[in-house]
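Per my numbering, the very first residue in the sequence shown carries number 224; after that it's consecutive.
These notes are about the structure you will find just below.
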Amino acid sequence: MPAFRERLTIILLALLQSLLLYAAWQGSREGWWPFTIPEVPVYWYTLSIGLLLVMMLSLVRLDDARFWQHVGGLLLSLSGLAGWAAWHTATRPPVEPLPILAPYALSICIGLYILTPFLQARLATGRWRAPYSDLAHHAWQNGLTLVLALVFLGLARGVLLLSSRLFLLIEIDVLERLLDSELFVIAMTGTLFGTGIVIARSRQRSTRTILHILVGLFTGLLPVLSLVILVFLGSLLATGIDQLWDASTRSIWQTTSVTLVLSALLFSQVLFLNAVLQDGTRPAPYPLVFRGVIRLAMLALPVIAAMALYALWLRIDEYGWTVPRFWAAVVSAMLALYTLGYALAQLVPHRIWLGHLPRVNVALALLLLAVIVAGNSPLLDPHRLAADSQLERLLALPADEVEEQDLVALRFQTGRYGPDALRQLQSDLRRRDEALADRITRLLDSDSRRQAAGPALVTSPASTPTMIPVDPSGLQPSVPEGEAPLEPEYLQFLRNDPGAVANCADQEADCMVTGVDVDRDGRNERLLCNLGLPGSLSCRLTRQSDEGDWQWLTVIGWPRTEATVEALRAGDVRVVEPRWQSLQLGDGPVFHLYDPERNTPASSPSLRRAPVIDPAP
Numbered sequence: 224m225p226a227f228r229e230r231l232t233i234i235l236l237a238l239l240q241s242l243l244l245y246a247a248w249q250g251s252r253e254g255w256w257p258f259t260i261p262e263v264p265v266y267w268y269t270l271s272i273g274l275l276l277v278m279m280l281s282l283v284r285l286d287d288a289r290f291w292q293h294v295g296g297l298l299l300s301l302s303g304l305a306g307w308a309a310w311h312t313a314t315r316p317p318v319e320p321l322p323i324l325a326p327y328a329l330s331i332c333i334g335l336y337i338l339t340p341f342l343q344a345r346l347a348t349g350r351w352r353a354p355y356s357d358l359a360h361h362a363w364q365n366g367l368t369l370v371l372a373l374v375f376l377g378l379a380r381g382v383l384l385l386s387s388r389l390f391l392l393i394e395i396d397v398l399e400r401l402l403d404s405e406l407f408v409i410a411m412t413g414t415l416f417g418t419g420i421v422i423a424r425s426r427q428r429s430t431r432t433i434l435h436i437l438v439g440l441f442t443g444l445l446p447v448l449s450l451v452i453l454v455f456l457g458s459l460l461a462t463g464i465d466q467l468w469d470a471s472t473r474s475i476w477q478t479t480s481v482t483l484v485l486s487a488l489l490f491s492q493v494l495f496l497n498a499v500l501q502d503g504t505r506p507a508p509y510p511l512v513f514r515g516v517i518r519l520a521m522l523a524l525p526v527i528a529a530m531a532l533y534a535l536w537l538r539i540d541e542y543g544w545t546v547p548r549f550w551a552a553v554v555s556a557m558l559a560l561y562t563l564g565y566a567l568a569q570l571v572p573h574r575i576w577l578g579h580l581p582r583v584n585v586a587l588a589l590l591l592l593a594v595i596v597a598g599n600s601p602l603l604d605p606h607r608l609a610a611d612s613q614l615e616r617l618l619a620l621p622a623d624e625v626e627e628q629d630l631v632a633l634r635f636q637t638g639r640y641g642p643d644a645l646r647q648l649q650s651d652l653r654r655r656d657e658a659l660a661d662r663i664t665r666l667l668d669s670d671s672r673r674q675a676a677g678p679a680l681v682t683s684p685a686s687t688p689t690m691i692p693v694d695p696s697g698l699q700p701s702v703p704e705g706e707a708p709l710e711p712e713y714l715q716f717l718r719n720d721p722g723a724v725a726n727c728a729d730q731e732a733d734c735m736v737t738g739v740d741v742d743r744d745g746r747n748e749r750l751l752c753n754l755g756l757p758g759s760l761s762c763r764l765t766r767q768s769d770e771g772d773w774q775w776l777t778v779i780g781w782p783r784t785e786a787t788v789e790a791l792r793a794g795d796v797r798v799v800e801p802r803w804q805s806l807q808l809g810d811g812p813v814f815h816l817y818d819p820e821r822n823t824p825a826s827s828p829s830l831r832r833a834p835v836i837d838p839a840p
């Protein structure tokens, strides 16, 4: 348990962390140096989140030399890993940073969570080879500490918000103004988060009570999940396994993915087993029948792990390696090793129930940590693997089967290696398909997907598909037949709006704009609708101010039917005078009334305050 000086240091570290994150966010938005250098944010976020969080979780004594050894080692290690990720993102031509940084950040967080108990055990014992009971205690304690700190942060923010509303009742708005200040909110968030960590670390008896409750829940669920595994395997014997391989061609991120579902099942079983295991010294908490069911399920786990790996391999064999598939393969392979180790441990007698599992856990935790480091370094770079695999696959395809989305993914989502692989593909396609080779040239010369968008398919009012050229911004909606073309000022307004561009600059978008005089002042407002999206018809209404500036008014949704789609294509949008007029209290706010007979809002749902377009008398 840290002393007062160390507790204060933990709170100051959390405050420093929040201020560093705020500086990075504000600096990137405002163009401050050094955040204008592409590599700097990767280093900044890695060290301010990863390093400081490990320091907050592991600090016991400030005068402990081993603690500062850990800080120095982490500083060098994390800087090296951040440098490799930054090398991929800060390149010309530019690539998309999210497909690179998202798996990097998630894997680094998992790696630090694995490493921190070993650092904490060394601080306590002075040796790297610590007892498994210490490692298990620190691992569960760290998870609960972070959860409780976040809960404390949310509760404290709620109390402050309630306090500000309370004082507003007597027209004292000091707290309200403070909560509107970005810098105050950031400083308060860091301070409260650090305080939550201190409270959780200082009240270990309370956290042990919470842990005992969780262990009790997992203990009750383990036999149930084990029985489900056995019934599932028995059902497969009756129904056959072929339908699993049919489903394995689905995306790894879909909820119906075979690999994803089976991996979630394996992870849950491993988690429940370790919750029951705890420090490896507990006697079996089950009667003999339940222990038999759990033992049989542990012996059957490698079969399920093999099915998950095979389903993923079918996907990779058909579509090649990508960065998400690499990390999915890492997860699946590690779960397979865990289940194989657990199954083999059941075959070796031990005086304690699950007594061999601690050795399996420690060995595989270190192996996973090594794989994470290798996967974020040149040793086992998934971006190089993905670029080489996709290039090989595309070279083997006929030119007419090379899809646009594969070229875009290779260009923007495989890091620094993607453009080089695309150039090799271009040189090969130049001999087979000149038009596709020219399309690759445009991709290579583009800085983003939007800029790389080619001609867009837009449906004319006569429902005849025609190809019209799209300017570099990639946004050119159509208009109903008989309406005037869109003014350059209105088009520029749309192209400056991220929401309009995101919805209507895509090649598959079917956007159109129709004019309607909603407020009957002699000037048409504009209704922008995307007919290419599934679900309801969503349209955005804009109007032009007296100064000539265009402004968004509201979003309107209609049920998608053949009649509503045809009405939009024909520009048949009518202004219907509401039966129930709006109400106003003096010169105060205006309230729109709900029309129960039409079962639609007269202007907006229910009785509520809303922006108003005053109707003509």
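Backbone N, C-alpha and C define an ideal beta-carbon position, used for all residues, glycine too.
Since the structure is predicted, the reported quantities are computational estimates derived from the model, not experimental observations.
- Assigned with DSSP and collapsed to three states, G738 falls in strand.
- Counting along the chain, the unbroken beta strand (DSSP E) around Q774 starts and ends at W773 to W781.
- In the DSSP assignment, E706 falls outside any beta strand (DSSP E) and carries neither an H nor an E.
- Beta-bridge pairing by DSSP links S761 to G780.
- Within the segment 594-658, no run of beta strand (DSSP E) at least 3 residues long lies entirely inside it.
- Collapsing the DSSP output to three states places R746 in coil.
- Within its own chain, the residues whose Cβ lies closer than 8 Å to the Cβ of V374, once the five positions on either side in sequence are excluded, are G419, listed in chain order.
- For R792, the uninterrupted alpha helix (DSSP H) run begins and ends at E785 to R792, by DSSP.
- Residue ranges of uninterrupted alpha helix (DSSP H) with 4 or more members are absent from the segment 307-339; none lies entirely inside it.
- Non-local C-beta neighbours of H311 in its own chain, meaning closer than 8 Å and more than five positions away in sequence, comprise V318, I323, H606, G638 and R639, ordered along the chain.
- Setting aside the 5 residues that flank it on each side, A423 is surrounded in the same chain by L367, T368, L371, A372 and T430, each with a C-beta closer than 7 Å to its C-beta; the list follows chain order.
- As for any alpha helix (DSSP H) of minimum length 4 sitting wholly inside the segment 489-570, the runs are 511-542 and 546-570, ordered along the chain.
- In the DSSP assignment, I409 falls within the alpha helix (DSSP H) that extends over E405 to S425.
- Only residues of its own chain outside the window of five on either side were considered, and among them N599 have a CB closer than 6 Å to the CB of L304, listed in chain order.
- The segment 377-388 and the segment 439-454 do not touch, with fewer than 3 CB-CB distances between them shorter than 8 Å.
- Contact check between the segment 345-363 and the segment 392-407: fewer than three CB pairs, one atom from each, fall below 8 Å, which does not count as touching.
- At the C-beta level, L238 and T414 come within 8 Å of one another.
- No residue range can be given for A226, since it is assigned to no alpha helix (DSSP H) and is classified by DSSP as neither H nor E.
- DSSP places S805 outside both helix and strand once states are collapsed to three, so it counts as coil.
- Shortest Cα-Cα distance from L754 to any of S768, R763 and V788 involves V788.
- Contact between the segment 575-591 and the segment 544-561 is established, with three or more Cβ pairs separated by less than 8 Å.
- Of R783, R743 and G738, the smallest CA-CA separation from L764 is found for G738.
- Comparing C-alpha distances from Y327 to each of S768, T314, W307 and L511 shows the shortest one belongs to W307.
- Comparing alpha carbon positions, the residue from L488, T545 and W544 closest to A528 is L488.
- About 5 Å separates the CB atoms of L236 and M279; that is less than 8 Å, so the two are in contact.
- The DSSP-derived three-state label of R665 is helix.
- If you compare the alpha carbons of H293, A461, E706 and A644 with that of A610, the shortest gap goes to A644.
- Nearest to R518 by C-alpha distance, out of G780, Q501, V702 and L580, is L580.
- Partner residues in the beta bridge of R766, as assigned by DSSP, are Q774.
- Contact between the segment 357-365 and the segment 337-347 is present: 3 or more CB-CB pairs across the two stretches fall below 8 Å.
- For G377, the enclosing alpha helix (DSSP H) begins and ends at Y355 to L391.
- In this structure, DSSP gives S449 a helical state, which the three-state scheme calls helix.
- Between S805 and the set T412, F814, A362 and W267, the nearest pair of CA atoms involves F814.
- Between A566 and M521, the C-beta spacing is below 8 Å.
- Under the DSSP assignment, P264 falls in the alpha helix (DSSP H) whose first and last residues are V263 to Y268.
- Put simply, the segment 613-626 does not touch the segment 279-294. Fewer than three CB pairs are less than 8 Å apart.
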